[in-house]
Each structure stands twice: as C-alpha cells, then as structure tokens.
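Student: Please read through the structure below; I'll follow up with questions.
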Amino acid sequence: GDSGGPIVSKQGIYWIQSGVVSFGNRCALANFPGVYARVSQYQTWINSQITSDQPGFITFLSSGTDSDLNVTCPGLPSVRTTTTPTTTPAPVVCGSASASLNSRIGEGSSLATAGSWPWIASLQKNGAHVCGGTLVAVDSVMSDASCFSAQPNASQWTVILGRLKQNGSNPNEVTLNVINITMSNLAGHNVAILRLASQPKLSNYIQPICVDQGTSTFSTRTKCWVAGWGTGQGGAEQVLQEFQTSVVECMNVSSSDNICTGPVTLLQVRHS
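Using this note's numbering, read the sequence shown as starting at 383 and increasing by one per residue.
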C-alpha cells in the first residue's frame, strides 16, 4: 500500500488502526514481513496536535485467533453542533464501515468497493497523488512523515476523502485544503498530522478510524488489513486495493515500536 496508509484490525464493530506504512522495502517479497510504525507510540503527541475533536483511542486485545473481544473507547471525538447553545454534541463513532468486510474479504489482494475503507485519504501535492493517510479526527488526517519535506508548504497539499479510483468517477469524494502540516520529530519513525481547512460531512464513505492505544496486544496470527493505491496496481482506473494478512513476529526490528505482518503483495509507493 501507499506510504502513510494504515494497517487495521477489527474488534467487535470497531476498526482500529495499529500501524502506518513507513518502511520495509522487502514487504512485497515472500518470507519477509511488512513493517509498520506503531501508532500507539504517538498517542500523546497526536492528542497534543488535535485539541478540538480528538481521535478515538481504543485498546485492542487479541489472542490471535479471535479479534472480536471486549473494547473500551475513552475519548471518542464529538462534532460541534451550531443549532442551539443547549444542544448536546452528537458523538462520532470511529472505525465504522458500512460494508460487511469479514464476510467479503478473503486472504490475498482484491479491489475495494465504495465505503469499504471510509477513513482512507489520498494526499495530493499540486494535484497528484503522493501518499495515503487516514482520517483520525473530523478535521485531521494522519500519514507518514517521510511523505513530506522538512518544511512542507501546506498550501500545496489537498486531501481527498471518499475516493475509490485515482482515475475515474468518484461521486462520494470530497477535496479539502490543508492549513497546517506538523511532524512528530520523535526518535525512530515519525508521523505527520494534516489539519484540514474544513470538516467533511461524514457519511458511509467518509468516517474517522479508531486508533490503537499503548496497552493493546496484537498477538501473532491476528488478522489485519492493508489498503492503498499501489504503484501500477488496481487496473487502468487505479482502484483502491485491499489486502488481508496477519501479524507475525518482527525479525530485526523492535516489536514495541513496530507491527510486523506476513508478506503484502501491494507495491509500495516510493519517495525520494
């Protein structure tokens, strides 16, 4: 999948992002794992960057054979309402997808359908797709810091939500300007938060993802999914691809900082 794209797992009715496509140039080859930066290590930093409507951080607990276990959802974001001062803000339920993915998706890669991954974002620089990302709050998108220069110009970037095809009609998509790009600048991998100029209208095709918090357990054999627009993949229309794999033991990288999976055949987008 694209750099900056997510790796997600399902728990009950929630989809939870555990990692960001960050590195692992052997991730498309047999016998080598895909390596993803754990997002839980950035929880404090992410919350410091998103102060208005914070992401829903969820604890994922898995034995590796059944991901539908109990879930707690501290601090799910809420959307402000302007109807009357006394109106209670309506909660935003993160990690909700309209499609029944567990019954539809099998092992291996396939083309996604509209609404399958409503948190997926296409990050565009000067009108061209560069990286994937995820809507983590109603006004914020998370991606990999390597997608950006040291001092990115936010005015050159736009975020497209609800997109299925890079080439072709996308009746459910919206394009949003970016007003600020901040990078974590922590040790090891780094993520970026893009602040959107306006909040998208949430729908079956545009929803925020829940985010893994630090106490989660991703045992080996835990099912997980990757989605993105790989280079030259998805046919002439470059349709969003999805791939089911599972968590494996990390080889020569830290498992506290990374999530490792079985081989993923989507081609990663490379950036210089």
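For each residue, glycine too, the CB sits at the ideal point set by N, CA and C.
Ordered along the chain, which non-local residues of its own chain (more than five positions away) have a Cβ less than 6 Å from that of Cys-592?
Tutor: Closer than 6 Å at the Cβ level, and outside the excluded window around Cys-592, lie Tyr-396, Ile-398, Gly-438, Ile-440, Cys-476, Gly-477.
Student: Between the alpha carbons of Ser-551 and Leu-543, how many angstroms are there, rounded?
Tutor: Computed Cα separation, rounded: 13 Å.
Student: Here's a check: name, in chain order, each residue in its chain whose Cβ is nearer than 8 Å to the Cβ of Leu-578, leaving out the five neighbours to either side.
Tutor: Closer than 8 Å at the Cβ level, and outside the excluded window around Leu-578, lie Asp-521, Ser-522, Val-523, Val-541, Leu-558, Asn-559, Val-560, Ile-561.
Student: Run the CB neighbour count on Asn-640, radius 10 Å, all protein chains shown included, and call it buried at 16 or more, exposed below.
Tutor: Classification for Asn-640: buried.
Student: Mind listing, in chain order, the continuous beta strand (DSSP E) runs of no fewer than 3 residues lying wholly within the stretch 522 to 607?
Tutor: DSSP runs (the beta strand (DSSP E)) wholly in the stretch 522 to 607: 522 to 526, 539 to 543, 556 to 565, 573 to 578, 592 to 594.
Student: According to DSSP, is Asn-634 part of a helix, a strand, or is it coil?
Tutor: Asn-634: coil per DSSP, three-state reduction.
Student: Determine the burial state of Gln-533: buried for a count of at least 16 other Cβ atoms within 10 Å of its Cβ, exposed for fewer.
Tutor: So Gln-533 counts as exposed.
Student: Got a sec, what are the start and stop residues for the alpha helix (DSSP H) Gln-620 sits in?
Tutor: Note, Gln-620: premise wrong, no alpha helix (DSSP H); not H, not E.
Student: Are Val-621 and Lys-547 touching if we call contact CB-CB under 8 Å?
Tutor: Closer than 8 Å, so yes.
Student: With DSSP collapsed to three states, give me the class of Ile-395.
Tutor: Looking at Ile-395 - three-state DSSP - the assignment turns out to be coil, as it is neither helix nor strand.
Student: Step through the CB atoms of chain D and report whether any lies within less than 8 Å of the CB of Cys-642.
Tutor: The structure shown contains no chain D; it is built from a single protein chain.
Student: Pop quiz: Gly-514 and Trp-611 are said to be a contact at Cβ under 8 Å. What is the actual Cβ separation, rounded to whole angstroms?
Tutor: Gly-514 to Trp-611, Cβ: 7 Å. Contact.
Student: Starting from Ala-609, follow its DSSP beta bridges and name the residues at the other end.
Tutor: DSSP, once it has assigned bridges, lists Glu-624 as partnering Ala-609.
Student: What is the DSSP secondary structure of Ser-430, counted as helix, strand or coil?
Tutor: Helix, per DSSP.
Student: Can you tell me where the beta strand (DSSP E) holding Ser-504 begins and where it ends?
Tutor: That run of the beta strand (DSSP E) goes 502 to 507.
Student: According to DSSP, which residues form a beta bridge with Ala-519?
Tutor: BP columns for Ala-519 point to Ser-522.
Student: Which residue comes first and which comes last in the beta strand (DSSP E) that contains Tyr-424?
Tutor: First-last for Tyr-424: undefined, no H or E at that position.
Student: Can you pull the DSSP bridge partners for Ser-492?
Tutor: For Ser-492, which the question treats as bridged, DSSP gives the partners Glu-624.
Student: I need the boundaries of the beta strand (DSSP E) containing Cys-642, first residue and last residue.
Tutor: Unbroken beta strand (DSSP E) run through Cys-642: 640 to 643.
Student: Tell me which residues share the same chain as Ser-404 and place their Cβ nearer than 6 Å to its Cβ, disregarding the 5 neighbours each side in the sequence.
Tutor: Contacts found: Ala-419, Asp-526, His-571.
Student: Using three-state DSSP, classify Gly-497 as helix, strand or coil.
Tutor: Three-state result, Gly-497: coil.
Student: Mapping DSSP to helix, strand and coil, what is Pro-437?
Tutor: DSSP places Pro-437 in coil when its eight states are reduced to three.
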